[in-house]
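S.K.: The listed protein sequences correspond, in order, to chains A and B. All residue numbers for the first sequence refer to this note's numbering, where the first residue is 7 and numbers rise by one. All residue numbers for the second sequence refer to this note's numbering, where the first residue is 536 and numbers rise by one. For glycine and all other residues, C-beta sits at the position ideal for the given N, C-alpha and C.
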Amino acid sequence: MKYVEFVNKSISQKILKSKKVVLFGQNISTGSCLSGLTRKMSVKKGDYIINTPNCENTQCGVGFGLMINGVSSIFFMKQQDFLLLGIDHLVNTYNFIRRKKPSASFTIVTTVVDNGYQGLQSSLNNFGDFCSIARVPGFTIANKEDIKQIINAHLISPGFRIIGVSQRLFELELIEIEKTYSNKESTLFQYTEGNEVTIVCFNFSFPYGFELHNKLKKKGIASSLFSVNVVTPINWDRIIENLEITKRLVVIDDSKSENLSCYNFLMDAYDKCQINNKIIIKRDFSKDWLSPNLDQLEINYGNIIEKLIGTL
Amino acid sequence: MKKNYNVEITEEILRVRLGQMIVNERYKNNEFKIPIHLALGHEAIAVSVDSIMEKDDKLILSHRNIHYNLAREKSLKPEIDEYYLKEGGLSKGQLGSMNLANEKKGIVYTSSILGNNLPVATGVALGKKVKNEDGIVIVETGDGAIEEGSFYESLVFLKSNNLPVLIIIENNGWSLATRIKERRCDIDIKKLTESINIKYELLDSNDTYEYIEKLKNLREYTLLNKTPVCIEVRLATLGSWYLKTEDHPNGKFINYHAGPAPTVNVKNGALIKESQDDPVFVLQKYFSKDEIEEISQNILKKLEEEIN
């Protein structure tokens, strides 16, 4: 099953299990249904699916207005950069709403355009910048386990949040791997236990980390694979404990920001651990990042493995 | 009394006017840390909206909201305490002036951001439809906010989804210190709204009694036809003054926007301007000057007892 099919299925199932909910957005039940994200979604009798006009600012305000009136909704947003037009609501309206514990849920499910060669519109593929603008809870989903858990826990739940899906992963086969741990907020997931290397993935970089883990495994190197699925700082103790054992760290962050989510973790890691070998994989902004480009990280796994082997 | 008109409406106009004038006196004394946008001259529409609101109706306001809040709450002290950011304020001192809402009285959202409240009102109206609730949504905005994209977006969304909403545009001709003609082309709101099949109504008499009757009919119309209605209210924000500077020895005209209105003084009575610009002046169609003065004195006394 493809990534987008599983996200679609998980959201559909959650909606059908939930009480009254309004689904809205542009083209959500017509055309390509947001490249399959909202295909064949149905709601219970009395609920609503609304194909809206092109009005991103209003769409954001409508979600909060529904929330004020006690009605839960999901706003499907074709591209995260469109959400720029509604940012006033993510800050000002949300600040009004969040003073009191809301009874209704409002979730924006947005696609982060990170599939490459999209030009200017993909210069903003950093989910973290969006969420940090008003400390909005935000979740990225990248594999079967985190999709299942985050959709179930957060898609329809009192309060507001954004859930980001990766365009780059849409047509790829879903990564299926069991977790060994997740925190109760569903913001930190651990998939493997190893005492030689600690791999920590941020934003939508889990597939890179998973590939590195598999390649290390083939070389007989045991790694712990973590994924941080949220942008706001979290308790890093679980990763730090592992890093204190392995003393070898690979951090992968594929977001496009001057303030990467991984920096907060790195400050804590540098402060608390003696790290013998650290490899930080992030974007190189010295290159032309405005023109259409590959967008995906170009990772030389062989080099990384060589560097790690050097300190084993 | 010239005819048997409901004196309570006149009392409400005067209460909202004098309540603001008391706030203004304290504002002049630098008693508030927060910015407040007085709405002297806007009382007719606020009292009319309050008068026609039914139990399930929701009201959504903008940064200039003192008149609606006074009209809905029927009391000055909670609002003044909110401006002092006291625990006992209308919103426990958490919202101040520009975001002041009052859920118990149907004011479910107030925004300090120009045009921000229109999409939220649209969502509240959609929520009513989804829940099959009675009542309508009334959203107040201004001639500055209609320049924002959210105004047009919301109209299209409201019409597309058949939502009964009264959109009240308080057109005072100014945005901050800029006249309409200094910042933009004319916008024919009637043509604009009618181009998307939204009914338009103009209110420009400052006559509260007349406004109430018209709003009652428009409320029925929006409910019956499940459609938004756009109401342009032409009014003047009173409290302007002339500032003498080196460049302007005869005084430069300063339009009132926010802060205290230095030339307005509660000791001079409720009337600010002897013209149709002032809804208190328009009350003379229904009551004599002396009658208004007597009602005014009684209300002022009650207000002062309430807050002191």
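Which bits of chain A does residue 685 of chain B rub up against, with CB to CB less than 9 angstroms?
M.R.: Indexing the second sequence from 1 puts residue 685 of chain B at position 150. The contacting residues are 61, 63, 64, 67, 94.
S.K.: Would you check if the stretch 148-165 of chain A and the stretch 204-217 of chain A touch, i.e. whether three or more CB-CB distances between them fall below 8 angstroms?
M.R.: Yes, they touch.
S.K.: Does the CB of residue 100 of chain A have a neighbour CB from chain B at under 7 angstroms?
M.R.: Translated into positions along the first sequence, residue 100 of chain A becomes position 94. No, residue 100 of chain A does not count as interfacial toward chain B.
S.K.: Can you grab the Cα-Cα spacing for the pair residue 802 of chain B / residue 778 of chain B, in whole Å?
M.R.: Along the second sequence, read from residue 1 onward, the residue named residue 802 of chain B stands at position 267. Along the second sequence, read from residue 1 onward, the residue named residue 778 of chain B stands at position 243. The alpha-carbon atoms of residue 802 of chain B and residue 778 of chain B are separated by roughly 22 angstroms.
S.K.: Which residue comes first and which comes last in the beta strand (DSSP E) that contains residue 68 of chain A?
M.R.: Position 62 of the first sequence holds residue 68 of chain A. No beta strand (DSSP E) holds residue 68 of chain A; the alpha helix (DSSP H) holding it covers 62-74.
S.K.: Identify the contact partners of residue 663 of chain B in chain A, using a Cβ-Cβ distance below 8 angstroms as the criterion.
M.R.: Locating residue 663 of chain B in the second sequence gives position 128, where the first residue counts as 1. Those within 8 angstroms of residue 663 of chain B in chain A are 75.
S.K.: What's the call for residue 32 of chain A, buried or exposed, on a 16-neighbour Cβ count within 10 Å?
M.R.: Against the first sequence, residue 32 of chain A aligns to sequence position 26. Counting Cβ neighbours within 10 Å, residue 32 of chain A comes out buried, since at least 16 surround it.
S.K.: Return the first residue and the last residue of the alpha helix (DSSP H) that residue 243 of chain A is part of.
M.R.: As a working note, residue 243 of chain A is residue 237 in the first sequence. Note, residue 243 of chain A: alpha helix (DSSP H), 243-252.
S.K.: I'd like the list of long-range same chain contacts for residue 143 of chain A, defined as Cβ closer than 6 angstroms, with 5 residues on each side in sequence excluded.
M.R.: Residue mapping note: residue 143 of chain A aligns to position 137 of the first sequence, counting from 1. 167.
S.K.: Determine the direct distance from the alpha carbon of residue 218 of chain A to that of residue 288 of chain A, and round the result to whole angstroms.
M.R.: To locate residue 288 of chain A, count along the first sequence from 1; it is residue 282. To locate residue 218 of chain A, count along the first sequence from 1; it is residue 212. For residue 288 of chain A and residue 218 of chain A, the distance between alpha carbons rounds to 15 angstroms.
S.K.: Tell me which same chain residues have a C-beta within less than 8 angstroms of the C-beta of residue 730 of chain B, skipping the five on either side of it?
M.R.: If you number the second sequence from 1, residue 730 of chain B lands on position 195. Excluding sequence neighbours, residue 730 of chain B sits near nothing in its chain.
S.K.: By alpha-carbon positions, which one of B:690, B:711, B:811, B:789 ends up nearest to residue 724 of chain B?
M.R.: Here residue 724 of chain B refers to the residue found at position 189 of the second sequence. Residue B:690 is the option with its Cα nearest to residue 724 of chain B.
S.K.: Short of 8 angstroms Cβ to Cβ, which residues in the stretch 14-29 of chain A face chain B?
M.R.: 26, 28
S.K.: Along chain A, which residues have their Cβ under 7 angstroms away from the Cβ of residue 688 of chain B?
M.R.: By one-based count along the second sequence, residue 688 of chain B stands at place 153. Near residue 688 of chain B (Cβ distances below 7 angstroms), the residues of chain A are 61, 63, 64.
S.K.: Residue 793 of chain B touches chain A at which residues, Cβ-Cβ below 9 angstroms?
M.R.: Counted from its first residue, the second sequence places residue 793 of chain B at position 258. By Cβ distance, chain A contributes nothing, its closest Cβ being about 18 angstroms from residue 793 of chain B, past 9 angstroms.
S.K.: Is DSSP giving residue 49 of chain A helix, strand or coil here?
M.R.: Position 43 of the first sequence, counted from the first residue, corresponds to residue 49 of chain A. If DSSP states are grouped into helix, strand and coil, residue 49 of chain A belongs with coil.
S.K.: Taking Cβ positions, are residue 78 of chain A and residue 27 of chain A nearer each other than 7 angstroms?
M.R.: For the purposes of this step, residue 78 of chain A is identified with residue 72 of the first sequence, where counting begins at 1. For the purposes of this step, residue 27 of chain A is identified with residue 21 of the first sequence, where counting begins at 1. It is a contact, given that the beta carbons lie within the stated cut-off.
S.K.: Let me see if you follow: with CB-CB separation under 7 angstroms, is residue 54 of chain A close to chain B or not?
M.R.: Numbered from 1 along the first sequence, position 48 holds the residue referred to as residue 54 of chain A. Chain B, which has a Cβ nearer than 7 angstroms to the Cβ of residue 54 of chain A, makes this yes.
S.K.: Give, in chain order, every unbroken run of the alpha helix (DSSP H) that is at least 4 residues long and sits entirely within the stretch 642-714 of chain B.
M.R.: 652-665, 684-695
S.K.: Rounded to a whole number of angstroms, what is the C-alpha to C-alpha distance between residue 254 of chain A and residue 156 of chain A?
M.R.: Against the first sequence, residue 254 of chain A aligns to sequence position 248. Against the first sequence, residue 156 of chain A aligns to sequence position 150. Cα to Cα, the separation comes out at about 29 angstroms.
S.K.: What are the residues in the stretch 642-667 of chain B lying within 9 angstroms of chain A by C-beta distance?
M.R.: 643, 644, 645, 646, 647, 648, 650, 651, 652, 653, 654, 655, 656, 657, 658, 659, 660, 661, 662, 663, 664, 665, 666, 667
S.K.: Might you give, ordered along the chain, the residues of its own chain that have their beta carbon closer than 7 angstroms to the beta carbon of residue 715 of chain B, omitting 5 neighbours on each side?
M.R.: Looking up residue 715 of chain B in the second sequence gives position 180. Closer than 7 angstroms at the Cβ level, and outside the excluded window around residue 715 of chain B, lie 678, 708.
S.K.: Taking residue 732 of chain B as the query, report the chain A residues whose CB atoms sit under 8 angstroms from its CB, ordered along the chain.
M.R.: Residue numbering aside, residue 732 of chain B sits at position 197 when the second sequence is read from its first letter. Within chain A, no residue comes near residue 732 of chain B; the closest Cβ sits about 14 angstroms away, beyond 8 angstroms.
S.K.: Quick one: is residue 88 of chain A near chain B, going by C-beta distance under 7 angstroms?
M.R.: The count along the first sequence starts at 1 and reaches residue 88 of chain A at position 82. Under the Cβ criterion of 7 angstroms, residue 88 of chain A is not counted among the residues facing chain B.
S.K.: State yes or no: is the C-beta of residue 176 of chain A within less than 7 angstroms of the C-beta of residue 41 of chain A?
M.R.: For the purposes of this step, residue 176 of chain A is taken as the residue at position 170 of the first sequence. For the purposes of this step, residue 41 of chain A is taken as the residue at position 35 of the first sequence. Going by C-beta atoms, residue 176 of chain A is nearer than 7 angstroms to residue 41 of chain A.
S.K.: Would you mind stating whether residue 658 of chain B and residue 67 of chain A have Cβ atoms separated by less than 7 angstroms?
M.R.: Within the second sequence, the letter at position 123 stands for residue 658 of chain B. Within the first sequence, the letter at position 61 stands for residue 67 of chain A. Yes. Within cutoff.
S.K.: Does residue 699 of chain B pass the burial test, meaning 16 or more other C-beta atoms within 10 Å, or should it be called exposed?
M.R.: Residue 699 of chain B sits at position 164 when you count from the first residue of the second sequence. By the 10 Å Cβ count, residue 699 of chain B comes out buried.
S.K.: From the DSSP secondary-structure annotation, give me the bridge partner or partners of residue 172 of chain A.
M.R.: Looking up residue 172 of chain A in the first sequence gives position 166. For residue 172 of chain A, which the question treats as bridged, DSSP gives the partners A:118.
S.K.: So, at 7 angstroms on beta carbons, what are the nonlocal neighbours of residue 313 of chain A in its own chain, with the 5 sequence-adjacent residues on each side left out?
M.R.: Position 307 of the first sequence, counted from the start, is the residue given in the question as residue 313 of chain A. Here residue 313 of chain A has 283, 285 as same chain residues with Cβ atoms under 7 angstroms from its own Cβ, once five neighbours each way along the sequence are excluded.
S.K.: Determine, using beta-carbon pairs with one atom in the stretch 247-264 of chain A and one in the stretch 132-146 of chain A, whether at least three such pairs fall under 8 angstroms.
M.R.: yes
S.K.: What in chain B is Cβ-close to residue 105 of chain A, meaning under 7 angstroms?
M.R.: Here residue 105 of chain A refers to the residue found at position 99 when the first sequence is read from its first residue. Neighbours of residue 105 of chain A on chain B, chain order: 629.
S.K.: Which residues does DSSP pair with residue 776 of chain B in a beta bridge?
M.R.: The residue given as residue 776 of chain B occupies position 241 in the second sequence. For residue 776 of chain B, which the question treats as bridged, DSSP gives the partners B:789.
S.K.: So, does the CB of residue 71 of chain A fall closer than 7 angstroms to a CB anywhere in chain B?
M.R.: Against the first sequence, residue 71 of chain A aligns to sequence position 65. So, interface residue.
S.K.: Using Cβ-Cβ distances below 8 angstroms, what residues of the stretch 692-711 of chain B are close to chain A?
M.R.: 692, 695, 696
S.K.: Can you tell me which of the three DSSP states residue 207 of chain A falls into?
M.R.: The sequence position of residue 207 of chain A within the first sequence is 201, counting from 1. Three-state result, residue 207 of chain A: strand.
S.K.: Please report the Cβ distance between residue 117 of chain A and residue 173 of chain A, rounded to the nearest whole angstrom; I am assuming they are in contact, meaning their Cβ atoms lie under 8 angstroms.
M.R.: For the purposes of this step, residue 117 of chain A is taken as residue 111 along the first sequence, with counting starting at 1. For the purposes of this step, residue 173 of chain A is taken as residue 167 along the first sequence, with counting starting at 1. With a Cβ gap of about 5 angstroms, residue 117 of chain A and residue 173 of chain A count as contacting.
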